[in-house]
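Here is the structure we will look at.
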Amino acid sequence: MNSYEDWFAYDTYRPHQKEMLDFAAECVNKQQTCLIDAPTGSGKSSVLSALLAQANGRNIIVAVRTVAQLNIFIRELELIKRKQPRLKVSYLVGKRKMCMMGGEGDVYRMCEGLKTFSTSLMRERAQKGSLIPANDAVIKKQIQLQDYEHPLLCQYFIRSKIYAETGDGLKMMPSNVLKTKAEQTTRRIVPPDKIHELCGDICPYEVMLQASRDADVILMNFHHLFNEDIREQMYQSIGIEPDNVILLIDEAHNCGDTVQSIQTVTLNEQSLELAQSELGHLRGSVSGTEAIQNLIPQVLNFMVSLKRSMKAEDWFDPAIFMRYILSGTLYQKTEEIVEDLLTINEAIHEAKLEKGDFRESAVEKLTEFFVRILKSAGDESYLTIYKKSGEEISLEVRNIDPSKTLIDLAKAHHSAVLISGTLSPVDAYKKIYFGDMDAATISLPNAFPKENRKLFCARDATSAFSMRRDIENSNRIIEYINTFATQKGNLAVYFPSYDMLKTFTERLPKTLKGKEIFIESQDSSASTNDLRTFMSLPSVGRSGIIFGVCGGKWSEGLDYRGDLLNGAIVVGLPLAPFNDVRKMVNDYFRMKFGKDGEFLSYTLPAVNKATQALGRVIRTPEDKGVLLLIESRYLDESVKRGLPKWMQDECVECTIDSFKEAMKRS
Ligand code: SF4
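Position one of the sequence shown corresponds to residue 22 (this note's numbering), numbered consecutively onward.
Here it is in structure tokens:
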């Protein structure tokens with residue numbers, strides 16, 4: 022084995038860090054998949070040094086969920102580059118952040134359209150001998166004349182390409198300026214907020230794609246990796262084969278949810294009406310249009326029949342749905358519907374491209390829905406669901422089990438390392454993500470000083486549904502919050518849902534024990550502004566208390582270091598609402614894993630959300646804080662086993678009286 026010492030960016034190792042690096046290096050060496058549960062402070066981004074030592078010319082792809090995480094890896098790689106200056110690094114973040122063209126609609130679709138038109142014009146001019154499109158007078162003129170609201174050409178792409186005569190005829194190549202900029206970014210890593218400045222009038226995404234062709238390490242967001250279409254296209258563009266790639270998936274506790282959301286398709290009444298209108302414009306010019314026009318009322322009637330339902334969501338039988346749809350049309354089989362939809366969709370797509378309209382068409386949504394229904398027939402990892410909101414009905418084909426995708430992904434690559442600060446119990450995640458597949462696991466202890474944290478769990482309060490109307494229970498939760506608010510500095514209180522957040526914060530005064538109050542809004546920009554104000558308070562000698570939601574914008578992925586947060590409460594167990602659909606999901610996992618199934622699919626994600634929320638407080642070895650779980654169920658073995666080992670060991674059972682005493686002493 023090569024030594025990771027040559028790639029390790031620091032002078033000393035943190036506690037257990039060597040253990041983690043040895044483990045990761047061995048897994049890559051054995052071409053294995055592994056899961057690493059590495060609590061905050063383990064120095065988990067340094068795992069890259071172990072992967073680099075074992076790379077032997079293979080690419081390393083690091084998948085991250087947010088730009089903040091991307092920046093953490095960029096910082097790590099900058100440090101590694103001081104030791105290994107020849108290391109080449111690039112990144113691919115969403116085109117929405119990179120694209121210079123702006124405009125409405127799906128940026129991937131728009132980009133595809135603009136590149137198709139640009140390429141066709143560039144080729145036409147190259148055939149006439151004009152090999153440098155950026156200098157071609159005709160192309161320049163066309164760019165000048167185009168309607169900027171509905172462009173057909175992308176000047177940033179055009180400047181990134183040239184043509185060359187080869188033995189196989191004319192070939193499109195990267196322009197010199199593209200190559201130079203790509204080289205500059207791999208030589209010294211240019212972070213996403215500086216990339217536009219460096220690229221000037223060349224497309225930043227093309228620059229980073231070009232840089233990726235030559236890079237040893239490519240950082241990318243979850244969508245680039247987990248969306249099969251994007252991944253295949255991207256691997257092809259940068260010329261890499263999955264079996265020559267070592268994967269490092271950060272914040273791996275989130276990858277199941279990401280896969281499920283990518284593979285879920287929803288259809289509502291409004292999109293069906295829009296699809297009908299789009300089909301009307303085709304006026305029978307594409308075969309199958311009329312038949313699909315006749316089919317849409319059938320789907321709408323099916324939805325109308327569900328309006329009588331008293332449930333907010335429930336399963337519908339896909340076989341009954343298809344029989345109902347087919348009975349009112351000339352179609353015999355679902356496959357025929359899908360075939361017609363694909364043809365029509367192609368025609369609409371082309372027509373929209375020609376008009377410079379890059380929004381997703383409603384027919385495309387309908388096509389995706391039927392394709393997914395067809396694919397999921399007989400596949401129990403998909404459920405067909407209807408959802409009712411007021412008088413609105415939507416139909417959904419929902420993925421409930423990401424393991425098939427994750428197993429395929431892991432097997433296709435040389436090796437895969439999944440890492441997270443909250444991947445415990447790690448064997449449970451191995452089971453839910455990879456079933457019986459061979460995968461190694463390791464769980465590291467919490468490396469921060471034990472004396473800096475105090476963890477309590479209330480045995481006299483709960484958010485259990487049966488107790489929600491119990492006044493005494495609610496008053497006790499409020500008493501816990503009031504007692505906790507006497508602690509110095511910024512504090513956080515997280516609830517299991519927005520409904521509960523609303524109930525408990527409705528009557529709050531503007532301040533609590535002298536602290537300013539901030540309540541998490543479902544509106545993203547309002548919550549970002551509030552959070553900014555909250556975080557600025559300690560610097561001016563004031564403090565506040567945020568009231569948020571587990572799994573919300575204020576409880577995950579944020580680093581409240583030092584004085585930014587001195588304590589947190591999680592009220593309740595943030596379980597997904599229990600209804601007939603949830604019961605089916607639990608039954609599916611019980612069939613798959615026996616009695617452990619419900620814990621894996623239902624309890625564990627809830628405990629993970631709570632752990633994530635409490636995990637915001639202690640981010641460095643110097644941070645101190647009080648953590649409180651107001652929920653007696655965490656004391657039951659069946660729930661407690663989902664907590665990280667250090668929490669299980671250190672948790673002090675309390676009542677409101679003993680908690681008050683403890684707070685007086687602290
Ligand atoms: S080539 Fe680049 S700038 Fe042009 S549309 Fe695509 S992402 Fe945007």
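By construction, the Cβ of each residue, glycine as well, lies at the ideal position given by its N, Cα and C atoms.
| Item | Value |
| --- | --- |
| Under the three-state DSSP convention, the category S546 falls into | helix |
| Which of helix, strand or coil DSSP assigns to N197 | helix |
| Alpha-carbon to alpha-carbon, Y169 and M121 | 12 Å |
| Y112: CB within 7 Å of a non-hydrogen atom of the ligand SF4 | no |
| Closest Cα partner of D250 within the set T350, V238, R130 and G124 | R130 |
| Cβ contact check for the segment 398-409 and the segment 304-314: 3 or more pairs under 8 Å | no |
| Three-state secondary structure assigned by DSSP to F477 | strand |
| Proximity of M229 and H245 at Cβ, strictly below 8 Å | no |
| Close-in-space but distant-in-sequence residues of the same chain around Q231 (CB under 7 Å, 5 per side omitted) | P195, L199, K200 and A203 |
| Sub-8 Å separation of V447 and L56 beta-carbons | yes |
| Residues of its chain near Y31, where Cβ-Cβ distance is below 8 Å and the 5 sequence neighbours each way are ignored | G64, S67 and L100 |
| Check: F379 C-beta below 7 Å from any heavy atom of the ligand SF4 | no |
| Other residues of its chain near L174: CB distance less than 7 Å, five sequence neighbours each side excluded | L135, F138, S139, L142, Q163, I164 and Q167 |
| CB contact below 8 Å: P172 versus chain D | Note that chain D does not occur in the displayed structure, where there is just one protein chain. |
| Minimum length 3: unbroken beta strand (DSSP E) runs contained in the segment 559-621 | 565-570 and 588-592 |
| Alpha helix (DSSP H) segment containing E133, residue limits | V128 to Q148 |
| Beta-carbon proximity of V592 to V514, cut-off 8 Å | yes |
| C-alpha gap between R654 and S282, whole angstroms | 29 Å |
| Option nearest T632 by Cα separation, candidates V606, D644 and F516 | F516 |
| C-alpha gap between G190 and D157, whole angstroms | 20 Å |
| Nearest residue (CA-CA) to V320, options L476, Q291 and E367 | Q291 |
| Bridge partners - T462, DSSP secondary structure assignment | L56 |
| Spatial distance of E682 from R497 (CA atoms) | 15 Å |
| Extent of the continuous beta strand (DSSP E) run through A30 | Where A30 is concerned, there is no enclosing beta strand (DSSP E), given that its DSSP letter is neither H nor E. |
| 8 Å Cβ cutoff met for D271 and I463 | no |
| Whole-number beta carbon distance between Y184 and E224, since they are thought to touch under 8 Å | The question names Glu, yet the displayed sequence has Cys at residue 224. That belief does not hold up - the Cβ atoms of C224 and Y184 are roughly 17 Å apart, past 8 Å. |
| Residue(s) in a DSSP beta bridge with D335 | Y407 |
| Neighbourhood of V359 by C-beta distance below 7 Å, restricted to the same chain and skipping five residues each side | F391, V392 and L395 |
| Coil, strand or helix - V638 by DSSP | coil |
| DSSP-derived helix/strand/coil call for K536 | strand |
| Reference V85, options S576, M241, I153 and K104, closest by Cα | M241 |
| K661 in three-state terms, based on DSSP | helix |
| Cα-Cα separation between D214 and V88, rounded to whole angstroms | 10 Å |
| Counterpart residues of A437 in DSSP-defined beta bridges | T54 and L268 |
| Bridge partners - E674, DSSP secondary structure assignment | C478 |
| Sub-8 Å separation of W28 and A74 beta-carbons | yes |
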